[in-house]
Amino acid sequence: MKKTHEHSLDLLQNQLDRYFRERLAALSSETARVEGERTAALEAVGQLRRLFAGAGVATRPYVDEPPVLSLTDAATRVITDFIVGDFNINTVIDLVTRHYPEIKRPINPTSVSGILRSLQKEGTLELVRHGAGPRPSVYRLRTRK
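Numbering (my numbering), first residue to last: 1 to 145.
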């Protein structure tokens, strides 16, 4: 009886292995097709740039990367978009890490602390409780009137 179960498990393993190899091959093929389309589209844009340049029309150079979001922008966004109630520096670092993976890791707590102090100074945040030692300061988003 034990050999029958082992044989069945071997068959199942082989079927699963075959299935996932076929899926990976299909995905690789699709990836290659999309990459080819991307290359063709970028080449067409390059041809248009050369055509416009020959006609004396100024064009902006192609930028492959989206604009980089700063830590200040990411921290401000998580504070205004995700936080309700009181929070501290650790809350901001956790949310930036979760929602903005493009921000360089590890996130420097001193930088985030400076951002929070600046937001407090400009009136965006209010200080609920001043921190000391291992206890961080607690902030709250100031409601606009």
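Glycine residues also receive a C-beta, built at the ideal position from the N, C-alpha and C atoms.
Could you spell out where the beta strand (DSSP E) holding residue 138 opens and where it closes?
-> 138–141
Contact under 8 Å by Cβ, residue 107 with residue 71 = Closer than 8 Å, so yes.
Any idea if residue 119 is buried or exposed, counting beta-carbon neighbours within 10 angstroms, 16 or more meaning buried?
-> Residue environment: residue 119 is assigned as buried (16 or more neighbouring CB atoms within 10 Å of its CB, all protein chains considered).
Whether residue 139 touches residue 126 by CB criterion (8 Å) = Yes, they are a contact pair.
Would you say residue 89 and residue 136 are within 8 Å of each other, going by their C-beta atoms?
-> Going by C-beta atoms, residue 89 is nearer than 8 Å to residue 136.
Residues near residue 87 in its chain [Cβ-Cβ closer than 8 Å; skip 5 each side] | 79, 138, 139 and 140
Go ahead and pull the three-state DSSP assignment for residue 135.
-> Assignment of residue 135 by DSSP, reduced to helix, strand and coil, places it in the strand class.
CA-to-CA distance, residue 143 to residue 114, given in whole angstroms | Looking at the two C-alpha atoms, the distance is approximately 21 Å.
Apply the 10 Å Cβ neighbour rule to residue 112 and answer buried if 16 or more other Cβ atoms are within range, or exposed otherwise.
-> That one is buried.
Cα-Cα separation, residue 93 to residue 77 | 12 Å
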